[in-house]
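Take the sequence shown: its letters are residues 620 to 966, numbered as in the numbering used here.
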Amino acid sequence: MLLKEYRICMPLTVEEYRIGQLYMISKHSHEQSDRGEGVEVVQNEPFEDPAHGQGQFTEKRVYLNSKLPSWARAVVPNIFYVTEKAWNYYPYTITEYTCSFLPKFSIHIETKYEDNKGSNDNIFSDSENKDQEREVCFVDIAYDEIPERYYKESEDLRYFKSEKTSRGMLQEGWRDTQEPIMCSYKLVTVKFEVWGLQTRVEQFVHKVVRDVLLLGHRQAFAWVDEWIDMTMDEVREYERTIQEATNEKIGIFPPSISISEMPLSSCTLSGPASAPTTPLCTDAPEFLSVPKDRARKKSAPETLTLPDSATQNQSGVPQGSMLVPVPNQNHSPWPSSDSDQAELGGE
Numbered sequence: 620m621l622l623k624e625y626r627i628c629m630p631l632t633v634e635e636y637r638i639g640q641l642y643m644i645s646k647h648s649h650e651q652s653d654r655g656e657g658v659e660v661v662q663n664e665p666f667e668d669p670a671h672g673q674g675q676f677t678e679k680r681v682y683l684n685s686k687l688p689s690w691a692r693a694v695v696p697n698i699f700y701v702t703e704k705a706w707n708y709y710p711y712t713i714t715e716y717t718c719s720f721l722p723k724f725s726i727h728i729e730t731k732y733e734d735n736k737g738s739n740d741n742i743f744s745d746s747e748n749k750d751q752e753r754e755v756c757f758v759d760i761a762y763d764e765i766p767e768r769y770y771k772e773s774e775d776l777r778y779f780k781s782e783k784t785s786r787g788m789l790q791e792g793w794r795d796t797q798e799p800i801m802c803s804y805k806l807v808t809v810k811f812e813v814w815g816l817q818t819r820v821e822q823f824v825h826k827v828v829r830d831v832l833l834l835g836h837r838q839a840f841a842w843v844d845e846w847i848d849m850t851m852d853e854v855r856e857y858e859r860t861i862q863e864a865t866n867e868k869i870g871i872f873p874p875s876i877s878i879s880e881m882p883l884s885s886c887t888l889s890g891p892a893s894a895p896t897t898p899l900c901t902d903a904p905e906f907l908s909v910p911k912d913r914a915r916k917k918s919a920p921e922t923l924t925l926p927d928s929a930t931q932n933q934s935g936v937p938q939g940s941m942l943v944p945v946p947n948q949n950h951s952p953w954p955s956s957d958s959d960q961a962e963l964g965g966e
């Protein structure tokens with residue numbers, strides 16, 4: 620298990636960020652989705668917790684096979700997806716990521732928001748992991764390096780200035796002078812309990828998590844003029860509309876069933892035109908038919924005799940018995956090339 624605490628400051632108030640976060644997540648998910656890949660929203664409904672009160676529960680499926688490193692694509696099926704479950708009791712949220720294909724893998728995120736510049740060192744004092752050793756990482760939305768493929772000039776906060784709020788451009792050291800300012804505190808626990816791979820995979824996942832947090836918070840402020848005037852009802856309606864569009868974009872459609880009164884042939888073919896055609900009839904094709912006058916072999920001898928000691932070879936194994944090969948204990952099923960290891964390490 621690898622635990623890190625991320626602190627991401629924003630030139631917003633906690634109440635403003637509540638709207639901006641919902642807007643950013645919906646728009647970002649739609650932008651990053653493509654046919655067959657993206658974020659499918661399974662559930663999004665109000666939820667009440669005895670300890671935290673009224674909140675919102677969401678369940679999503681994140682399809683990202685093509686975004687996996689090559690070592691993972693070699694062993695992960697194309698239907699691979701990550702399940703995201705989130706409980707939002709703003710300004711406190713819990714998010715969990717799991718994968719049925721990798722039962723020993725999970726990501727747990729606790730998030731709290733406060734109107735300060737990341738100066739609260741005891742914000743997670745009531746967390747279950749409060750005594751665990753962790754690294755504190757400050758994420759600068761303006762000056763931290765972002766992966767080149769995600770860079771957009773319009774989202775470069777060093778040069779962006781909001782027309783509606785007049786906030787920006789963010790200069791070096793902006794966290795010490797910016798008003799208003801708030802901080803998103805995220806306690807992120809990554810588990811991948813597989814011997815020999817645990818440390819490298821957990822470090823790789825944390826690098827990915829950090830990049831996602833950096834990009835998402837940059838966009839939340841870069842899009843501030845699009846959402847700053849929205850009410851909670853308006854952003855929830857926007858969220859619903861975008862969810863439907865995103866599900867359609869990645870190809871998630873409700874199943875349709877049609878019933879025909881015409882009887883189907885016993886050899887009806889199923890599957891798409893591009894798939895191999897497999898007859899569903901139970902009769903074997905003619906070229907596999909066995910002639911009726913052909914003598915059938917018996918499946919086993921009528922009597923079973925054990926070999927005596929004279930028929931054993933020098934190794935002590937009866938002749939004719941099956942030898943089961945012993946797997947090589949030094950063999951690993953994971954690719955071990957330098958390129959795959961570099962990709963896994965996220966370098």
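From the three backbone atoms N, C-alpha and C, an ideal C-beta is built for every residue, glycine too.
Source: prediction; values computed, not measured.
By the Cβ criterion, the stretch 784 to 802 is not in contact with the stretch 817 to 830, since fewer than three pairs of Cβ atoms, one from each stretch, lie closer than 8 Å. Under the three-state reduction of DSSP output, R855 falls in the helix class. Nearest C-alpha to T714 among D844, V661, R859, T808: T808.
Taking M629 as reference, the option from D734, V660, K679, P669 with the minimal CA-CA separation is D734. Our two residues, A761 and I644, have alpha carbons roughly 19 Å apart in a direct line. Following the DSSP letters along the chain, one finds E678 inside the beta strand (DSSP E) bounded by residues 672 to 682. Rounded to the nearest angstrom, the gap between the Cα atoms of P766 and F724 is 25 Å.
Contact between the stretch 676 to 683 and the stretch 700 to 712 is present, with at least three C-beta pairs closer than 8 Å. Listed in chain order, the non-local C-beta contacts of G672 below 8 Å within the same chain comprise Y708, local neighbours out to five positions each way being set aside. Annotation: the continuous beta strand (DSSP E) that includes K805 extends over 801 to 811. Across the structure, D668 and Y732 are spaced so that their CA atoms are roughly 19 Å apart.
In the assembly as shown, R794 is a buried residue. Its beta-carbon has 16 or more other beta-carbons within 10 Å. DSSP places Q822 in the uninterrupted alpha helix (DSSP H) bounded by 817 to 841.
Sequence-distant Cβ neighbours of R859 in its own chain, meaning closer than 8 Å and more than five residues away, are N663. Rounded to the nearest angstrom, the gap between the Cα atoms of V854 and G787 is 24 Å. Here T717 has T702, S725 as same chain residues with Cβ atoms under 6 Å from its own Cβ, once five neighbours each way along the sequence are excluded. The C-alpha of M851 lies about 16 Å from the C-alpha of A839. A Cβ-Cβ separation of about 7 Å places E845 in contact with Y642 under the 8 Å criterion. Per DSSP, the unbroken alpha helix (DSSP H) holding Y642 starts and ends at 633 to 651.
Scanning L806, V658, F811 for the CA closest to the CA of L721 turns up F811. In the structure shown, T784 falls within a coil segment according to DSSP collapsed to helix, strand and coil. DSSP, reduced to helix, strand and coil, places T850 outside both helices and strands of the structure shown, so it counts as coil. Taking C-beta atoms as the reference points, T784 and V843 count as a pair closer than 9 Å.
Assignment of K868 by DSSP, reduced to helix, strand and coil, places it in the helix class. Contact check for L833 and V758: beta-carbon distance about 5 Å, within the 8 Å limit, so the pair qualifies. The three-state reading of DSSP puts Q797 in coil, since its state is none of H, G, I, E or B. At the C-beta level, Y769 and D830 come within 9 Å of one another. With fewer than 16 other CB atoms across the displayed protein chains lying within 10 angstroms of its CB, K749 is exposed.
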